[in-house]
Amino acid sequence: MQVFNPNHIVTQLDEMEFHELDAFNEGGSGVFWALASDWSPWEMHPDCEELLHVIEGEITLEVLPFEGDKKTRHSIKTGDFITIPRGLWHRQKIRCKTKEYYLTPGKTLHSHEADPRINQTEP
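In the UniProt record's numbering, the protein residues as written are 1 to 123.
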């Protein structure tokens, strides 16, 4: 076991340098920072939930439902965190300089498609 201070560690990283802090089940936890950016690629975790914690800054999280066109957007600001349910495609837009901690205890799938649910074989 080891104690981590994500806020301290992230200050030692280059922009968009994803730094894994520790293994967690089949995935891991880590930190990164970035300046304002456009939408990230879609990602989905078929076997687990994911926790995103904005240490400092602001992101907009966009989530696709399992079916239908009604996507949702969530504003996550300094100190906030959100748990993304297993199997939901999601992406984020960084609104300003942001430091973020993530906990993803399973595998991650990525997509650059406009709607990654089309022709999806899992979860």
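Beta carbons are placed, not taken as given, at the ideal position from N, Cα and C, and that holds for glycine.
Beta-carbon spacing of residue i, residue j below 8 Å
i          : j          : result
residue 71 : residue 62 : yes
residue 47 : residue 20 : no
residue 39 : residue 91 : yes
residue 50 : residue 11 : no
Secondary structure of residue i, DSSP reduced to three states
i          : result
residue 9  : helix
residue 74 : strand
residue 68 : coil
residue 36 : coil
residue 4  : coil
residue 18 : coil
residue 28 : strand
Start and end residues, beta strand (DSSP E) containing residue i
i           : result
residue 44  : 42-44
residue 82  : 81-84
residue 91  : 90-94
residue 108 : Per DSSP, residue 108 belongs to no beta strand (DSSP E) and is neither H nor E.
residue 115 : Looking at the DSSP string, residue 115 is not in any beta strand (DSSP E), and its letter there is neither H nor E.
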